[in-house]
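Notes follow the structure.
Residue numbers (UniProt numbering): 1 to 490.
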C-alpha cells in the first residue's frame, strides 16, 4: 500500500486553542512553531543539528542523533524528538518498521544522507514500510498537531483473515472546550434613590425655615465602560408650589412625578410619584458555529461559537414630585417650603455574556495543502470528530434600586412623593455552541489527491455541534461536523 508524492502532509489531531496551545497566551511557545531554517524544503543545504534528531538506516540507536551520528530507527528518532519538542529528520530510504507519531511531532523526510543531508524530496521520499501486517503509520491523539513531509507510507498486505491493511490511521479528535460561563452571581442591586427633605427644614442653618428645599439628589450606577444608569432627581419643595422630578436615564419610561401646583388637586397617586425605569435590553445571543473551518499549512482550525453580548443597564426611576408649603405652615405660624420629592433608584447593571464553545477536534487521516499527492492501493482511516463545546451560560441582569421616599409635610401641607424604582438590567447573551469535529479520510486545499489501485478511504463519525448556552440549547447550537471520504477546502 503506497502513499507517495506529497510535498507537505499535516495530520491534525485537535483544533481547540487551549488544547493546541495556540491561544494568545501561548503564542510563541510549543511544538507548533518551527524554528527558522528547520524545514528542509524551504532552505538550500542541510538543516542544522540543533533542529532535531537525525535518522538513517546505517546509524545506531545509541548514537547522538546528529547528522554525523544518526540513530537507526524512526521509532527512536520520534521518541527523542517528542521528548525534546524538536523535529525528526529522516534519510530518503526505506525503514521497515511501523511508526506511531505522538501529538506535536514533526517528521521531515526526503533527505540525501550521502550528500550532506540535503533535501531531495521532489525526487525521492522517506518510506515507512513495515514487513508485518497492521497499521503502518498511526497518529496518536494529543494536544497538538503532527506534521509529516516527504514521507511515503507502505502498509504490508494483510494475511490474517478479516484483517485490514491500513497505511495511515488517525485517532479521534478531542471534544471542544466548553465556553466560559458568565459569573453566576447576579450583579449587586443598584443604589436606592435619596430621600426628599421634610417641610420647614432649615438646611441653610439661618434659624428660619428655608423657602426652597432641594429634592433627593440623583444616584448613578456605573456598570463599566460607558454603561451608566441614573435615577432622576426629586422635585423641589417650595412655598407656593412644588417642583416636578426629573426623568431617569437612559430611556423614556421612567417618567418624573409632577410637583404640587399652586392651586388645585394633587396627590402622589395621581401623577406625583416617579415612575419605575424600563428594564435594560438583553445582550445578543452568541452566533452558532457553522462551516468547515480552515485548512492551512498549520493544520485544520474549526469554528468556535460566538460570544454573547452584554446586557444593557436598566433605566433609572423618575424623581418624585415636590409639595408646596405655605405662609404659616411651620411651627409658630412661620412661612416655609413644602417637602421635596425623593429621587429615583438607579437601574441595575446588565448581565455579562457567556463565551462561545470551542470547535470539536477534527480527525483527518491525510491533509494536503497545495500539494501533489498520489495514493496507490492505500487505506486511510479517520477516527471520530470531537463534540463541539457548549456555549457559556449568561449572567442575569441586576435589580434596580428602590426609589427614595418623599419628605414629610407639616402644618397641613402634603407629603412629597417617592421616586420610582430603577429598571432591572438586561440579561447577558448566552454563548453559541462550537462546531462539531470533522471526520475526513482526506482533506485538501488546491489539487485533489489522486487515487490509484484499490485505495480505500474510511471516515468516522462527525462530532455533534455544541449546545447553546443557558436555555438556548437548540436556538444557537453549533452545527454538526462533516463526515466524508474527501473534503475540499477553499
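Heads up, the beta-carbon is just placed ideally off N, CA and C, and yes, glycines get one too. Keep in mind the model is a prediction, meaning the values are calculated, not measured.
Query - Alpha carbon of residue 468 to alpha carbon of residue 325, nearest angstrom - result: For this step, residue 468 is matched to residue 468 along the chain shown. For this step, residue 325 is matched to residue 325 along the chain shown. Roughly 59 Å between the two C-alpha positions.
**OP:** For residue 112, name the three-state secondary structure that DSSP assigns.
**Re:** For the purposes of this step, residue 112 is taken as the residue at position 112 of the chain shown. Reduced to three states, the DSSP call for residue 112 is strand.
Original post:
Should residue 126 go down as buried or exposed, given a rule of 16 or more other Cβ atoms within 10 Å for buried?
Top reply: Counting from one through the chain shown, the residue named residue 126 turns up at place 126. Counting Cβ neighbours within 10 Å, residue 126 comes out buried, since at least 16 surround it.
- Query: With respect to the alpha helix (DSSP H) encompassing residue 253, which residues constitute its N-terminal and C-terminal limits?
  - Reply: By 1-based counting over the chain shown, the position of residue 253 is 253. That residue, residue 253, is in no alpha helix (DSSP H); it is neither H nor E in DSSP.
* Once you ignore the five residues that flank residue 307 on each side, which residues in its own chain have a CB closer than 6 Å to its CB? -> Position 307 of the chain shown holds residue 307. So the qualifying residues of the chain are 286, 353, 355, 356 and 431.
Residue span of the beta strand (DSSP E) that contains residue 55, given as start and end: Position 55 of the chain shown, counted from the start, is the residue given in the question as residue 55. That run of the beta strand (DSSP E) goes 52 to 55.
Measure how close the beta-carbons of residue 34 and residue 78 come, nearest whole angstrom, since I'm counting them as under 8 Å.
In the chain shown, counting from the first residue as 1, residue 34 sits at position 34. In the chain shown, counting from the first residue as 1, residue 78 sits at position 78. So it is not a contact: roughly 16 Å between Cβ atoms.
Do the CB positions of residue 466 and residue 434 come within less than 7 Å of each other?
Here residue 466 corresponds to residue number 466 of the chain shown, with the count starting at 1. Here residue 434 corresponds to residue number 434 of the chain shown, with the count starting at 1. It is a contact, given that the beta carbons lie within the stated cut-off.
Unbroken beta strand (DSSP E) runs of length 3 or more, entirely within the segment 251 to 325: which are they? 294 to 296 and 299 to 301
> Who are the Cβ neighbours of residue 182 in its own chain at under 7 Å, not counting the five residues just before and after it?
Replying inline: The residue you call residue 182 lines up with position 182 of the chain shown. The residues are 351, 352, 353, 354, 392, 393, 394, 395 and 428.
| field | Pairwise C-alpha distance: residue 301 and residue 219 | value | Here residue 219 refers to the residue found at position 219 when the chain shown is read from its first residue. Here residue 301 refers to the residue found at position 301 when the chain shown is read from its first residue. One C-alpha to the other measures close to 48 Å.
- Query: Quick one: what's got a C-beta closer than 7 Å to residue 271's C-beta in the same chain, skipping five residues either side?
  - Reply: Translated into the one-based positions of the chain shown, residue 271 becomes position 271. Only 257 and 258 meet the Cβ criterion.
| query | residue 53 and residue 80: beta carbons closer than 7 Å? | reply | In the chain shown, counting from the first residue as 1, residue 53 sits at position 53. In the chain shown, counting from the first residue as 1, residue 80 sits at position 80. Yes, Cβ-Cβ distance for residue 53 and residue 80 is below 7 Å.
query: Among 336, 346, 456 and 90, which has the Cα closest to the Cα of residue 206?
result: Along the chain shown, read from residue 1 onward, the residue named residue 206 stands at position 206. Here the closest residue by C-alpha is 336.
Q) Is there contact here, the segment 262 to 282 with the segment 363 to 381, by at least three beta-carbon pairs under 8 Å? A) no
Can you have a look at residue 115 and say buried or exposed, based on whether 16 or more other CB atoms are within 10 angstroms of its CB?
-> Looking up residue 115 in the chain shown gives position 115. With fewer than 16 Cβ atoms within 10 Å of its Cβ, residue 115 is classed as exposed.
Helix, strand or coil at residue 41 according to DSSP, with G and I counted as helix | Looking up residue 41 in the chain shown gives position 41. Reduced to three states, the DSSP call for residue 41 is helix.
Would you report the Cα separation of residue 246 and residue 327, rounded to the nearest angstrom? Here residue 246 refers to the residue found at position 246 of the chain shown. Here residue 327 refers to the residue found at position 327 of the chain shown. Each residue's Cα considered, the two are about 27 Å apart.
Item checked: Where residue 186 sits in the DSSP three-state scheme -> Working through the chain shown from its first residue, we reach residue 186 at position 186. The answer is coil: DSSP assigns residue 186 none of H, G, I, E or B.
Whether residue 177 touches residue 477 by CB criterion (7 Å) = Reading the chain shown from its first residue, position 177 is the one you call residue 177. Reading the chain shown from its first residue, position 477 is the one you call residue 477. Result no, Cβ atoms of residue 177 and residue 477 do not sit closer than 7 Å.
Do residue 403 and residue 419 have their CB atoms nearer than 7 Å?
By one-based count along the chain shown, residue 403 stands at place 403. By one-based count along the chain shown, residue 419 stands at place 419. Going by C-beta atoms, residue 403 is nearer than 7 Å to residue 419.
For residue 76, three-class secondary structure by DSSP
Within the chain shown, numbered from 1, the residue matching residue 76 stands at position 76. Three-state result, residue 76: helix.
Q.
Can you check which of these residues, 107, 66 and 311, is closest to residue 145 by C-alpha distance?
A. Stepping through the chain shown from its first residue, residue 145 is reached at position 145. Ranking 107, 66 and 311 by Cα distance to residue 145 puts 107 first.
(request) Assign residue 90 to one of three DSSP states: helix, strand, or coil. (result) The residue given as residue 90 occupies position 90 in the chain shown. Three-state DSSP puts residue 90 in a strand.
* Under a three-way DSSP split, which group does residue 485 fall into? -> Working through the chain shown from its first residue, we reach residue 485 at position 485. If DSSP states are grouped into helix, strand and coil, residue 485 belongs with the strands.
Subject >> Straight-line Cα distance separating residue 234 from residue 407 >> reply: Along the chain shown, one-based indexing puts residue 407 at 407. Along the chain shown, one-based indexing puts residue 234 at 234. Taking the straight line joining both Cα atoms gives about 10 Å.
Span of the beta strand (DSSP E) holding residue 135?
Taking the first residue of the chain shown as 1, we reach residue 135 at position 135. Per DSSP, residue 135 belongs to the beta strand (DSSP E) from 135 to 139.
task: Note down, in chain order, each residue of its chain lying with its Cβ closer than 6 Å to the Cβ of residue 493, except the 5 sequence neighbours on either side.
output: Lying before the first or after the last residue shown, residue 493 is absent from the chain, which here runs from 1 to 490.
*What is the residue span of the beta strand (DSSP E) that residue 458 lies within?*
As a working mapping, residue 458 is identified with position 458 in the chain shown. Segment 456 to 458, the beta strand (DSSP E) holding residue 458.
Nearest-angstrom Cα distance between residue 227 and residue 179?
Sequence index remark: in the chain shown, residue 227 carries index 227 (1-based). Sequence index remark: in the chain shown, residue 179 carries index 179 (1-based). The straight-line gap from Cα to Cα measures roughly 25 Å.
**Report entry** Proximity winner among 184, 67, 120 and 344, relative to residue 110 (alpha-carbon distances)
**Finding:** Within the chain shown, the letter at position 110 stands for residue 110. Nearest of 184, 67, 120 and 344 to residue 110, Cα basis: 120.
What number of angstroms, rounded off, separates the C-alpha of residue 118 from the C-alpha of residue 224? Within the chain shown, the letter at position 118 stands for residue 118. Within the chain shown, the letter at position 224 stands for residue 224. Near 59 Å, if we compare the C-alpha coordinates of residue 224 and residue 118.
Residue interval of the beta strand (DSSP E) (run including residue 220) | Locating residue 220 in the chain shown gives position 220, where the first residue counts as 1. 219 to 222 is the span of the beta strand (DSSP E), which, as asked, contains residue 220.
What does a CB cutoff of less than 7 Å around residue 370 pick up in its chain, not counting 5 residues either side in sequence? Stepping through the chain shown from its first residue, residue 370 is reached at position 370. Taken in chain order, the residues that qualify are 445 and 446.
* Per DSSP, what kind of secondary structure is residue 84 in: helix, strand or coil? -> In the chain shown, counting from the first residue as 1, residue 84 sits at position 84. Of the three classes helix, strand and coil, the one that applies to residue 84 here is helix, per DSSP.
Quick one: using the 10 Å Cβ neighbour count with 16 as the cut-off for buried, is residue 40 buried or exposed?
Translated into positions along the chain shown, residue 40 becomes position 40. Classification for residue 40: buried.
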